[in-house]
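Undergrad: Would you mind keeping the following structure in view while I ask a few things?
Right, here's the structure in full:
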């Protein structure tokens, strides 16, 4: 049995009675149905996001034309659901529209071959051609006055460009959530473009939106890749609403699965409509959910309401819960109950265990459930099953204590080194573990992994572990997604594909790759010029980290003591050169081009520069 969970879902709606939540009425035209439910504004926005996520290279104006064509056709279907082609499925309509794009093969190459397929193969083909790392220029933020002028001159176009630019760079961004971000983007400009100090008002809001948006994108990508790789057999954890009944938890899991499957497969219209229905249902049935925290979300507009429900705090754990061992260890009928309905029994165990441990990470809970399942499989085949599984709960302790210890040690390192130093430590570690992975990917992933300290280490002790595991799962999923496109390491493939719950431990406990053949030395990699001194701090860090990873690939067996021994040398040199009148001449004299001749005496003469 595969235990699958979608991390962000575990923090969404962990229970609600879902049967009948979504309207199951038959509609002659699915397109007209969604247009009526969503309203023209949201309909057009979601169609724009849909096309931008598939046609990532196409200019904004081309997308506007496609959106207008679909919008006009939807109005035709609203007026007469029996009109020609109005009865086609959404995937069919969007697939046909994608295939009408001029010069599709010239712009997108093999993606044009998708048009020779029929649904659902055609849609899957288009999904397979989404680029997680598209070759697009980095977004440049204009001056505040320029942005405010653009916003005030044409608000709809300004917000449309925002949706377009985000969607094509994040082709799995959760459609309805992106509309929520666009609404916040609009509010920020509405407020700040009237302020006396526009920049002081606006820039912090935009920075916060960007950071939150990156996390939201990573969460949805994790869900989509989990669906793709591990299937749709999902067990939910009732941490959000621990007072709700198991039947409600398991039922809503199926509707949540449906919602996210729709968005992951590019059907943003149905996904957004169903998400709104579920939020509405939850707010109409607060009593059955037994939550004291729903009301503050339910008074908000629909986009904000759904976002609020997804991020609300866990409800309080009921005080009158019976000891867990009563039903899952002490009961003599455990094996009988397990054999009669494995999925239900294990799902009930996971539900009961998780609502008693709301401070455990979802993936830890899944690892515990896997151990419980394996124990029952073994013990129920013995002569005395109860004697065999009587101490199964003791086996859970290492699963809890090891990651707790790891988080404690990591946070101590983070406090001592700071975010940048912690990133470098992780970069060295991961480069030694999987040196075949491209340097840009290693740097990107290590920088993201290093941010876990900033995000989680300052939280209360009870929240550190779930925060850390949740965040790491998103970052490691990014590594897995990028590696899947160009696989170079069997170790990465193994960790990424064998077990979703054990992916993080798999990477954590990888040893140094002793089979790796060191990379040839390339002096250009370690050559810096005067322009380095004027780079923004972030770009300086990335450039140094790129060189650091390359250096480890060149000398993978360097010890920590060897690295530490040269920490001051190059930093002093760079500081001197950046203060020199002729910086270029200073950089040229040494030691960037002389690492090769000195490496046998001092293995990493430039590590000091790279690590500080």
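In mature numbering (1 follows the signal peptide of the UniProt record, and there is no 0), the protein residues as written are -18 to -1, 1 to 594.
No residue lacks a Cβ here, since even glycine has one placed at the ideal position from N, Cα and C.
Note that this is a predicted model, so its numbers are computed, not measured.
Touching or not, the region 163 to 182 and the region 127 to 144, by the rule of three or more beta carbon pairs under 8 Å?
TA: Verdict: yes, contact present.
Undergrad: Any chance the region 17 to 29 sits against the region 121 to 130, with 3 or more Cβ pairs inside 8 Å?
TA: No, because fewer than three Cβ pairs between the region 17 to 29 and the region 121 to 130 fall closer than 8 Å, the two stretches do not touch.
Undergrad: With DSSP collapsed to three states, give me the class of residue 380.
TA: Looking at residue 380 - three-state DSSP - the assignment turns out to be helix.
Undergrad: Across the region 367 to 381 and the region 505 to 518, are there enough close Cβ pairs to call them in contact, namely three or more that are closer than 8 Å?
TA: Result no; under three Cβ-Cβ pairs closer than 8 Å.
Undergrad: Report yes if the CB atom of residue 378 is closer than 8 Å to the CB atom of residue 307, and no otherwise.
TA: No, these two residues do not count as a Cβ contact at 8 Å.
Undergrad: Put residue 294 into one of helix, strand or coil per three-state DSSP.
TA: If DSSP states are grouped into helix, strand and coil, residue 294 belongs with coil.
Undergrad: Rounded to a whole number of angstroms, what is the C-alpha to C-alpha distance between residue 176 and residue 134?
TA: Cα to Cα, residue 176 sits roughly 10 Å from residue 134.
Undergrad: From residue 359 to residue 365, what does the alpha carbon distance come to, in whole angstroms?
TA: Using only the alpha carbons, I get a separation of about 13 Å.
Undergrad: Given residue 349, which residues of its chain have a CB within under 7 Å of its CB, disregarding the five upstream and five downstream residues?
TA: Cβ neighbours of residue 349 beyond the five flanking positions: 381, 483, 484.
Undergrad: In angstroms, rounded to a whole number, what distance separates the CA positions of residue 559 and residue 522?
TA: Computed Cα separation, rounded: 15 Å.
Undergrad: Note down the Cα distance separating residue 265 from residue 282, rounded to an integer number of angstroms.
TA: The straight-line gap from Cα to Cα measures roughly 11 Å.
Undergrad: From which residue to which residue does the alpha helix (DSSP H) around residue 529 run?
TA: Residues 519 to 536.
Undergrad: Can you tell me which of 516, 527, 478 puts its alpha carbon nearest to the alpha carbon of residue 212?
TA: Nearest of 516, 527, 478 to residue 212, Cα basis: 478.
Undergrad: Do residue 90 and residue 26 have their C-beta atoms closer together than 8 Å?
TA: Their beta carbons are not under 8 Å apart, which means residue 90 does not touch residue 26 by this criterion.
Undergrad: Taking the straight line between their C-alpha atoms, what separation do you get for residue 124 and residue 144?
TA: Taking the straight line from one Cα to the other gives about 13 Å.
Undergrad: Go ahead and pull the three-state DSSP assignment for residue 257.
TA: Helix, per DSSP.
Undergrad: Check whether the region 313 to 323 and the region 336 to 346 touch, using three or more Cβ-Cβ pairs below 8 Å as the test.
TA: Short answer: they don't touch.
Undergrad: Applying the 10 Å Cβ sphere with the 16-neighbour rule, what's the burial state of residue 47?
TA: By the 10 Å Cβ count, residue 47 comes out exposed.
Undergrad: Return the first residue and the last residue of the alpha helix (DSSP H) that residue 541 is part of.
TA: Where residue 541 is concerned, there is no enclosing alpha helix (DSSP H), given that its DSSP letter is neither H nor E.
Undergrad: Using only the alpha-carbon positions, how far apart do residue 178 and residue 109 sit?
TA: So the two alpha carbons sit approximately 46 Å from each other.
Undergrad: For residue 393 and residue 401, I'd like the C-alpha separation in whole angstroms.
TA: Cα to Cα, the separation comes out at about 10 Å.
Undergrad: Quick check on the burial criterion: 16 or more other C-beta atoms within 10 angstroms. Buried or exposed for residue 499?
TA: The residue is exposed, with fewer than 16 neighbouring Cβ atoms inside 10 Å.
Undergrad: Would you identify the three-state DSSP class for residue 156, choosing helix, strand or coil?
TA: Correct three-state label for residue 156: coil.
Undergrad: So that I know if they touch, is there some Cβ in chain C lying closer than 8 Å to that of residue 119?
TA: Given the protein chain composition of this structure (a single chain), no chain C is represented.
Undergrad: Is it buried or exposed, residue 218, if we count other Cβ atoms within 10 angstroms and call 16 or more buried?
TA: Residue placement at residue 218 cannot be trusted, given a pLDDT of 46 that sits under 50; the coordinates are not used to answer.
Undergrad: Mind reading off the beta-carbon distance from residue 463 to residue 528? Whole number of angstroms is fine, and I expect it under 8 Å.
TA: That pair is no contact at about 21 Å.
Undergrad: So for residue 441, helix, strand or coil by DSSP?
TA: Of the three classes helix, strand and coil, the one that applies to residue 441 here is coil, per DSSP.
Undergrad: By the 10 Å Cβ neighbour count, where 16 or more other Cβ atoms means buried, how is residue 82 classified, buried or exposed?
TA: Residue 82 should be labelled exposed.
Undergrad: Looking at the structure shown, is residue 343 part of a helix, part of a strand, or coil, going by DSSP?
TA: Three-state result, residue 343: coil.
Undergrad: Where does the unbroken alpha helix (DSSP H) through residue 48 begin, and where does it stop?
TA: That run of the alpha helix (DSSP H) goes 42 to 61.
Undergrad: Please go through the region 412 to 480 and give each complete alpha helix (DSSP H) segment of 4 or more residues, from N-terminal end onward.
TA: Those alpha helix (DSSP H) runs which fall completely within the region 412 to 480 and span 4+ residues are 421 to 438, 443 to 467, 472 to 479.
Undergrad: Mapping DSSP to helix, strand and coil, what is residue 219?
TA: Confidence is the limiting factor: at residue 219 the pLDDT is only 44, short of 50, which leaves the residue's position unreliable and the question unanswerable from this model.
Undergrad: Within the same chain, show all residues whose beta-carbon is closer than 6 Å to that of residue 198, passing over the 5 residues directly before and after it, in chain order.
TA: The residues are 159.
Undergrad: Beta-carbon within less than 7 Å of residue 31's beta-carbon, same chain only, minus the 5 sequence neighbours each way: which residues are those?
TA: Result list for residue 31: 145, 149, 157, 160, 250, in chain order.
Undergrad: CB-CB under 6 Å to residue 420, same chain, minus the five flanking residues each way: which ones, in chain order?
TA: If we look at residue 420 and ignore the five residues flanking it on each side, it has no Cβ neighbours.
Undergrad: Taking Cβ positions, are residue 96 and residue 10 nearer each other than 8 Å?
TA: Taking 8 Å as the Cβ cut-off, residue 96 and residue 10 do not qualify as a contacting pair.
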